[in-house]
Every structure is written in C-alpha cells, then in structure tokens.
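Peer 1: Numbering-wise (this note's numbering), the sequence shown opens with residue 1 and increments by one. Each residue gets a CB set at the ideal place from its N, CA and C atoms; glycine is no exception. Mind looking over this structure? Questions follow.
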Amino acid sequence: MIPPARVLVRKVSDLSAAVAEALDFLEYDFAGKRVWVKPNLLSPHRPEDSVTTDPELVRSIVRELKRRRAAAVWVADNPAGTHARRLADYLVPTGVVEASEGCFLDVAEHSIILPVKSRFLQQLPVAAVMREIDVILNLPVFKTHALTVLTGAVKNLFGVIPGLQKAHLHTLVGNAEEFAELLVDIYQAIPKPVLNVMDALRGMDGQNGPSGGRVLKLGRVLASRNAVAMDSVMAMMAGLKPDRVPTNRVAAERGLGPAKTDGIDVVGDFEQIPGFRLPSARLAGSLTGIAGATFYRFIQRRPACDSGLCTRCRRCADNCPVQAIEMNPFPAIARGKCINCYCCVEICPERALGVPSAIRSLLRSLSGH
Numbered sequence: 001m002i003p004p005a006r007v008l009v010r011k012v013s014d015l016s017a018a019v020a021e022a023l024d025f026l027e028y029d030f031a032g033k034r035v036w037v038k039p040n041l042l043s044p045h046r047p048e049d050s051v052t053t054d055p056e057l058v059r060s061i062v063r064e065l066k067r068r069r070a071a072a073v074w075v076a077d078n079p080a081g082t083h084a085r086r087l088a089d090y091l092v093p094t095g096v097v098e099a100s101e102g103c104f105l106d107v108a109e110h111s112i113i114l115p116v117k118s119r120f121l122q123q124l125p126v127a128a129v130m131r132e133i134d135v136i137l138n139l140p141v142f143k144t145h146a147l148t149v150l151t152g153a154v155k156n157l158f159g160v161i162p163g164l165q166k167a168h169l170h171t172l173v174g175n176a177e178e179f180a181e182l183l184v185d186i187y188q189a190i191p192k193p194v195l196n197v198m199d200a201l202r203g204m205d206g207q208n209g210p211s212g213g214r215v216l217k218l219g220r221v222l223a224s225r226n227a228v229a230m231d232s233v234m235a236m237m238a239g240l241k242p243d244r245v246p247t248n249r250v251a252a253e254r255g256l257g258p259a260k261t262d263g264i265d266v267v268g269d270f271e272q273i274p275g276f277r278l279p280s281a282r283l284a285g286s287l288t289g290i291a292g293a294t295f296y297r298f299i300q301r302r303p304a305c306d307s308g309l310c311t312r313c314r315r316c317a318d319n320c321p322v323q324a325i326e327m328n329p330f331p332a333i334a335r336g337k338c339i340n341c342y343c344c345v346e347i348c349p350e351r352a353l354g355v356p357s358a359i360r361s362l363l364r365s366l367s368g369h
C-alpha cells in the first residue's frame, strides 16, 4: 500500500519559524546543494496585490537556506511577455528582487532543450539554470485562475519555460483540459527534484485570478514534497473537490500524486476558507462535452476590456501569442483568433482586461460583440 502524501498547513505567527518548520517538513538536506528558489513572478505587481510570491517569504526562505549551508541559492522566474528593461528592474515593484538579498538571477535569456513525453511537443525549452541546480524549491501563490480554476504548485512550474516560449506553448493546445495536460507534461519532464512551499500569507479568489481577483488575508504557508498533494489540499481549503482541478485530475491519473482526500495526510492548521469564490471556468468546460464545438464557441469566455482603466500601453497586444489583439484605440480581440489563454489578462498592469462569466460571455457572443 502506498503511504499517503503529507502536506503541512501552518498558521503563521512568526514567519521565520514557519519557514524553518516547512523546510524541516520537506525532509531534504540542503547542505551543499544548489537551489533554484522558484517564486511566482507573473508580472510587476505590488506585494499587497497578491499576484506574486510575498517578498518576505522569499527573504525568509533565502536566509534559512543559507543557514542550512546550501552551496548556492538562486531566486529566479520567467515572467510572461517581453521586457524592454533588465528583468531585475522590471520586477522591482514585486519586492522580490530586493528580498532575494543578492540571490536574484535573470534566467530569461538562455535556455536548454529537454526531452518531453507529450502529444503536443517533443522538445521542451527550459531556463539553462536547470542544468546547474540540484533541486527546485517551488513557491506558488494560493490563487484562482480563469483557465485552470486554481493555480498552484504544478502550474507554477510553467515558469521554468522562458517567457516568449510560454506564449508559443499556449498556441499548441485548444482548451483548458489540454492546457492542464501540457502543464503536467512539463512537470513530469523536469529532471530535478521539486519541493514545494506555498505562499498563503495572502491569497486571491474570484473570476479574474491570477492577477485581478479579490485579495484575501489567509496567514498560512503550506509545504509538501508532492506538488499534486499540495494542490489538492489547496483545492480542499477553497471548498473544491481536488479532482475538479484539471491539473490534479490529469496528474493523479498518471500516478504523480493524490487527487482524493484519502490519499493525503494533512498536518497542522487545515481549515476551509469561508466564502472563497471560485471562477466559473468549469461551466464552459462541462458544457463542451454536452453541446459540442458549435455551441462551445458561443460560451467561451473571451477577455473583455474596461476602457476606463486601460492606459493603452499595448502590453496585451504585443504579448498575445496569436496576435489576436489590435489597438482600436483600446484593445480589440479578434473572435476568430483568440485562443482564450488569458495571457493578456495576466499581463495587464492596470487590471483593465478581465474574464466575464460564462453567461455574460454567451450574451456578448449572441449580440456579436
């Protein structure tokens, strides 16, 4: 019998103590190891926006790894899109560059190719630092996601892919289920151990996660050696059955971790979050198999722009993987080109782009907008 995967949920009163406990819980000897600390640095938002990993968690992680005599510590991520400035300058608003205490590394420019078992591609570009490290310490944020319902440890590893390559990968899949399958393909292709500490100091719920939802004060950290188990506990805390999250379901089917409660040993301060708001992505996904492709085209939830917030910075248009956005004068999304990857929503600095509910999207489609 396979023993249950263990997940720690700890209410934080002393962050340094909580981080030390989390790393102890992982039962990994970091002494002499080269560690890639992989936060979520989606875009240059402020810490209080809960879009990116809390800088104080990163600071505590870096200090604790050094205390445990890690040979090298590199804090690095591949944000979406193109960046005219140095990556460290681009990400200053997140606070993570400063909190890395000299350990921040720009990994966006150089990549290597890994083999991958996937029906979507045969080779996978990843940051070249992958060949230098011994272990990845994965620091996802507790958030909803308009495409994958929740975004956690498995989804955060999409960031091992250089930014422009991530945009290309979005074009290879046709829907949320296929994207979840691709994410699990990437997770399986990573050749180094992955350990996980989730930032749930703050979180985000609602329709427009992972960058425009409602910020929540959760005051917790999670830790697990198994990314799928961690994501399943996150789902349970959000009031959702773990196998309703596509990445959990695909990963569990491959034997990579549990997506049912009886396969998980939860330690510590687990509580379901009252009033947690989930996105409605599941509605469109469930109707797809019932109504067929013709009807699905009407209920697909294409991004919509709030012209009152939009500054016409062009970041959405410049970074759309299928060039589906034109400025006219505000972002106009071509119905026939949009693949509903929501990259434009994630990258918008003003949160001017959002994802409408499935019903509102249906009404927009019927009206021709």
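Kindly indicate which three-state DSSP category residue 316 falls into: helix, strand or coil?
Peer 2: DSSP places residue 316 in helix when its eight states are reduced to three.
Peer 1: Within the continuous alpha helix (DSSP H) that includes residue 232, where are the two ends?
Peer 2: That run of the alpha helix (DSSP H) goes 227-237.
Peer 1: Measure the CB-CB distance between residue 266 and residue 10 and report whether it falls below 8 Å.
Peer 2: Their beta carbons are not under 8 Å apart, which means residue 266 does not touch residue 10 by this criterion.
Peer 1: Below 8 Å on the Cβ atoms is my contact criterion, and I expect residue 158 with residue 136 to pass it. Report the Cβ-Cβ distance as a whole number of Å.
Peer 2: With 8 Å as the limit, residue 158 and residue 136 do not qualify as a contact, their Cβ atoms being about 13 Å apart.
Peer 1: What distance in whole Å lies between the Cβ atoms of residue 345 and residue 208, which are believed to be in contact at a cut-off of 8 Å?
Peer 2: Indeed they touch by this definition, with Cβ atoms about 7 Å apart.
Peer 1: Name the DSSP bridge partner or partners of residue 325?
Peer 2: Answer is 333.
Peer 1: Is the stretch 118-137 close to the stretch 191-199, with three or more CB pairs under 8 Å?
Peer 2: Contact holds: three or more Cβ-Cβ distances are below 8 Å.
Peer 1: From the DSSP output, in three-state form, read off residue 344 for me.
Peer 2: Residue state, collapsed to three classes: helix.
Peer 1: Name, in chain order, the residues that DSSP records as bridge partners for residue 138.
Peer 2: For residue 138, which the question treats as bridged, DSSP gives the partners 38, 196.
Peer 1: Roughly how far, in whole angstroms, is the beta-carbon of residue 322 from the beta-carbon of residue 146, given that I think they are within contact range, below 8 Å?
Peer 2: The pair is not a contact, with the Cβ atoms about 17 Å apart (cut-off 8 Å).
Peer 1: May I ask you to list the residues that DSSP assigns as paired with residue 202?
Peer 2: Residue 202 pairs with 217.
Peer 1: Who are the near neighbours of residue 96 in its chain, counting only those whose CB is closer than 8 Å to its CB and skipping five residues on each side?
Peer 2: 39, 41, 52, 53, 55, 58, 75, 104.
Peer 1: Go through its chain and collect everything with a Cβ distance to residue 70's Cβ below 6 Å, but skip five positions before and after it.
Peer 2: Same-chain partners within the cutoff: 30, 33, 35.
Peer 1: Determine the direct distance from the alpha carbon of residue 6 to that of residue 284, and round the result to whole angstroms.
Peer 2: In this prediction, residue 284 has a pLDDT of 39, which is less than 50 and means its spatial position is unreliable; what the coordinates show is noted afterwards. Spanning the two alpha carbons is a distance of roughly 33 Å.
Peer 1: Does the distance from the CB of residue 249 to the CB of residue 259 come in under 8 Å?
Peer 2: Yes, the Cβ-Cβ distance between residue 249 and residue 259 is below 8 Å.
Peer 1: Can you tell me whether residue 45 is buried or exposed, with buried defined as 16 or more other CB within 10 angstroms of its CB?
Peer 2: It counts as buried.
Peer 1: Beta strand (DSSP E) containing residue 268: first to last residue?
Peer 2: Where residue 268 is concerned, the enclosing beta strand (DSSP E) stretches over 264-268.
Peer 1: Check whether the Cβ atoms of residue 313 and residue 349 sit closer than 8 Å, and answer yes or no.
Peer 2: Yes. Within cutoff.
Peer 1: Looking only at DSSP bridge pairs, what is residue 149 linked to?
Peer 2: DSSP lists 145 as partners of residue 149.
Peer 1: Helix, strand or coil for residue 224, going by three-state DSSP, please let me know.
Peer 2: Here residue 224 sits in strand by DSSP.
Peer 1: Grouping DSSP H, G and I as helix and E and B as strand, with all else coil, what is residue 351?
Peer 2: In this structure, residue 351 counts as coil in the three-state DSSP scheme.
Peer 1: Just to confirm, are residue 130 and residue 112 a CB contact at a threshold of 8 Å?
Peer 2: Taking 8 Å as the Cβ cut-off, residue 130 and residue 112 qualify as a contacting pair.
Peer 1: Whole-angstrom Cβ separation of residue 153 and residue 227, contact assumed at under 8 Å?
Peer 2: Between residue 227 and residue 153 the Cβ distance is about 4 Å, and since that is below 8 Å, they are a contact.
Peer 1: If residue 50 and residue 215 are in contact, beta carbons under 8 Å, what's the gap, nearest whole angstrom?
Peer 2: Right, their Cβ atoms sit about 4 Å apart.
Peer 1: I'd like to confirm the pairing. Which residues does DSSP put opposite residue 124 in its beta bridges?
Peer 2: 114, per the DSSP bridge assignment.
Peer 1: Residue 65: which of 141, 20, 241, 155 sits nearest, CA to CA?
Peer 2: Looking at the Cα atoms, 20 is the closest of the given residues.
Peer 1: Please report the straight-line C-alpha distance between residue 141 and residue 330, rounded to a whole angstrom.
Peer 2: Spanning the two alpha carbons is a distance of roughly 31 Å.
Peer 1: Mapping DSSP to helix, strand and coil, what is residue 166?
Peer 2: Here residue 166 sits in helix by DSSP.
Peer 1: How about residue 370 and residue 218: do their beta carbons lie closer than 8 Å?
Peer 2: The structure shown has nothing for residue 370, since the chain only spans 1 to 369.
Peer 1: Going by DSSP in three states, residue 179 sits in which element: helix, strand or coil?
Peer 2: In this structure, residue 179 counts as helix in the three-state DSSP scheme.
Peer 1: Would you mind stating whether residue 26 and residue 334 have Cβ atoms separated by less than 8 Å?
Peer 2: No, the Cβ-Cβ distance between residue 26 and residue 334 is not below 8 Å.
Peer 1: Do you know whose CA, among 339, 276, 303, 351, lies nearest residue 311's CA?
Peer 2: Selected option, being the one with the closest Cα: 351.
Peer 1: Might you give, ordered along the chain, the residues of its own chain that have their beta carbon closer than 7 Å to the beta carbon of residue 87, omitting 5 neighbours on each side?
Peer 2: Hits under 7 Å: 106, 108.
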